[in-house]
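Working notes, structure below.
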Amino acid sequence: MIELTIQVFGISVEVIFSAPRTFAKDRIDNDAQWLTNSATGLAVPPEQVRLRQADVLFGYDLSVQLFGDNGYFSVDAQKATFSAKNARRRADGELLRQMVNRFLRHFAQEKLTVTFSADAYAKAESKVVQEQYVQRFRFDQRITKPGAVGYLRLDDWPADVRFMVEPSLGTEDSLFLAWTTRFPAGDFSQIPNKIVRVFEEAASVYGLKFRPLV
Numbered sequence: 003m004i005e006l007t008i009q010v011f012g013i014s015v016e017v018i019f020s021a022p023r024t025f026a027k028d029r030i031d032n033d034a035q036w037l038t039n040s041a042t043g044l045a046v047p048p049e050q051v052r053l054r055q056a057d058v059l060f061g062y063d064l065s066v067q068l069f070g071d072n073g074y075f076s077v078d079a080q081k082a083t084f085s086a087k088n089a090r091r092r093a094d095g096e097l098l099r100q101m102v103n104r105f106l107r108h109f110a111q112e113k114l115t116v117t118f119s120a121d122a123y124a125k126a127e128s129k130v131v132q133e134q135y136v137q138r139f140r141f142d143q144r145i146t147k148p149g150a151v152g153y154l155r156l157d158d159w160p161a162d163v164r165f166m167v168e169p170s171l172g173t174e175d176s177l178f179l180a181w182t183t184r185f186p187a188g189d190f191s192q193i194p195n196k197i198v199r200v201f202e203e204a205a206s207v208y209g210l211k212f213r214p215l216v
């Protein structure tokens, strides 16, 4: 088991509608008002909310940039999406947990599917430790940057978790990690609180643990 320090992380959450939804002004108005609500929504200034409509049926998109272009929200005919990148600190993680909770409460209706993804760049204690770790996945001398990917079934979680670890392409002294899972929208009530533990458990299967964010 090696310890990693997370340098930067991001998330993406999608609520996938069971069937494409045609444009409905009342529904779009409700979503736009939720976006601007500081108590239950994302507290977006109204002037930043954008509606693109290409036709009267499925060609629409309500969207807004968040966190100084480090986040994004959109809802169209097929799905609602919330994403954020370049988070670094514990306070960033807590803010994202709260916003994901609000996003799911608004969009995650029963019988819909939620896709939750996260990624992180993290450093080991040293480059030597990192190299020793990734070499366990070098099954052939032709593999120059060994890594691993797998689907995991974890206790108290409704679906498989896909986990990937590989050397970062951007910086030689970091690992890139990514997680993806799906779950029924009806199970969302405890998801924002459980998801960090579940992703940590997935990483631990591959011999990785994380130092607490500061």
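For the sequence shown, the residue numbers in my numbering are 3 to 216. A virtual CB, placed ideally from N, CA and C, is assigned to each residue, including glycine.
### Task
Would you tell me roughly how many angstroms separate the C-alpha atoms of Asn-39 and Lys-147, rounded to the nearest one?
Residue mapping note: residue 39 aligns to position 37 of the sequence shown, counting from 1. Residue mapping note: residue 147 aligns to position 145 of the sequence shown, counting from 1. Per the coordinates, the alpha-carbon of Asn-39 lies some 46 Å from the alpha-carbon of Lys-147.
#### Entry: Among Ala-21, Thr-7, Ala-126 and Glu-5, nearest to Lys-113 - alpha-carbon criterion
Within the sequence shown, residue 113 is the residue found at index 111, counting from 1. In terms of CA proximity to Lys-113, Ala-21 leads the group Ala-21, Thr-7, Ala-126 and Glu-5.
### Query
Which residue comes first and which comes last in the alpha helix (DSSP H) that contains Trp-36?
Here residue 36 is taken as the residue at index 34 of the sequence shown, counted from 1. First-last of the alpha helix (DSSP H) with Trp-36: 27-38.
### Message
For the pair the stretch 31-47 and the stretch 112-127, tell me if three or more CB-CB distances fall below 8 Å.
### Response
No: the two stretches stay apart, fewer than three of their Cβ pairs being nearer than 8 Å.
### Residues near Thr-7 in its chain [Cβ-Cβ closer than 7 Å; skip 5 each side]
One-based indexing of the sequence shown puts residue 7 at position 5. Only Ala-124, Lys-125 and Arg-213 meet the Cβ criterion.
### Query
With 16 as the cutoff for other CB atoms within 10 Å, does Ser-176 come out buried or exposed?
Looking up residue 176 in the sequence shown gives position 174. By the 10 Å Cβ count, Ser-176 comes out buried.
### Query
DSSP three-state call for Ala-187: helix, strand or coil?
Reading the sequence shown from its first residue, position 185 is the one you call residue 187. Look at Ala-187 here: in three-state DSSP terms it is helix.
### Message
Quick check: does the Cβ of Asn-39 come within less than 8 Å of any heavy atom belonging to the ligand ADP?
### Response
Summarising the ligand content, the structure contains no ligands, and the ligand ADP is consequently not present.
### Identity of the residue in Arg-140, Ala-79, Phe-201 and Leu-68 nearest Arg-54 by Cα
Residue numbering aside, residue 54 sits at position 52 when the sequence shown is read from its first letter. When only C-alpha atoms are compared, the closest one is Ala-79.
### Query
Under a three-way DSSP split, which group does Glu-127 fall into?
As a first step, residue 127 is located in the sequence shown; it is residue number 125 there, counting from the start. The three-state secondary structure of Glu-127, taken from DSSP, is coil.
### Query
In this structure, does DSSP put Arg-54 in helix, strand or coil?
Within the sequence shown, numbered from 1, the residue matching residue 54 stands at position 52. DSSP places Arg-54 in strand when its eight states are reduced to three.
### For Asn-88, three-class secondary structure by DSSP
The sequence position of residue 88 within the sequence shown is 86, counting from 1. It is a strand residue.
### Query
In terms of residue numbering, what span does the beta strand (DSSP E) encompassing Tyr-208 cover?
The residue given as residue 208 occupies position 206 in the sequence shown. Tyr-208 -> no beta strand (DSSP E), and no H or E assigned at all.
### Query
Looking at Asn-72 and Ala-86, is the spacing between their C-beta atoms short of 9 Å?
The residue given as residue 86 occupies position 84 in the sequence shown. The residue given as residue 72 occupies position 70 in the sequence shown. Taking the C-beta atoms as reference points, Asn-72 is found nearer than 9 Å to Ala-86.
#### Entry: Closest Cα partner of Tyr-208 within the set Ile-193, Thr-183, Ser-170 and Arg-164
Taking the sequence shown and counting its residues from 1, one reaches residue 208 at position 206. That would be Arg-164, whose Cα lies nearest to the Cα of Tyr-208.
### Query
Is it right to say Leu-171 is buried, meaning 16 or more other beta carbons lie within 10 angstroms of its own, or is it exposed?
By one-based count along the sequence shown, residue 171 stands at place 169. It is exposed - the Cβ of Leu-171 has fewer than 16 other Cβ atoms within 10 Å.
### Query
Whose C-alpha, out of Arg-140, Ile-13, Ala-205 and Glu-5, is nearest the C-alpha of Asn-103?
Working through the sequence shown from its first residue, we reach residue 103 at position 101. Considering only alpha carbons, the answer is Ile-13.
### Query
Where does Gln-80 sit, in a helix, a strand or coil, going by DSSP?
Start at 1 with the first residue of the sequence shown, and residue 80 comes out as number 78. Annotated three-state conformation of Gln-80 is coil, per DSSP.
#### Entry: Per-residue burial, Ala-26 [other beta carbons within 10 Å of its own, 16 or more giving buried]
In the sequence shown, residue 26 corresponds to position 24, counting from 1. Burial is judged here by how many other beta carbons sit within 10 angstroms of a residue's own beta carbon; Ala-26 has fewer than 16 and is exposed.
### Message
I'd like the list of long-range same chain contacts for Thr-182, defined as Cβ closer than 6 Å, with 5 residues on each side in sequence excluded.
### Response
Taking the sequence shown and counting its residues from 1, the one referred to as residue 182 is at position 180. The residues are Ser-119 and Arg-164.
### Task
Give a yes or no on whether the C-beta atoms belonging to Leu-68 and Tyr-74 are separated by under 9 Å.
The residue given as residue 68 occupies position 66 in the sequence shown. The residue given as residue 74 occupies position 72 in the sequence shown. Taking 9 Å as the Cβ cut-off, Leu-68 and Tyr-74 qualify as a contacting pair.
### Query
Are the beta-carbon atoms belonging to Phe-60 and Thr-24 less than 9 Å from one another?
Counting from 1 along the sequence shown, the entry for residue 60 is found at position 58. Counting from 1 along the sequence shown, the entry for residue 24 is found at position 22. Pairing Phe-60 with Thr-24 gives a Cβ-Cβ distance under 9 Å.
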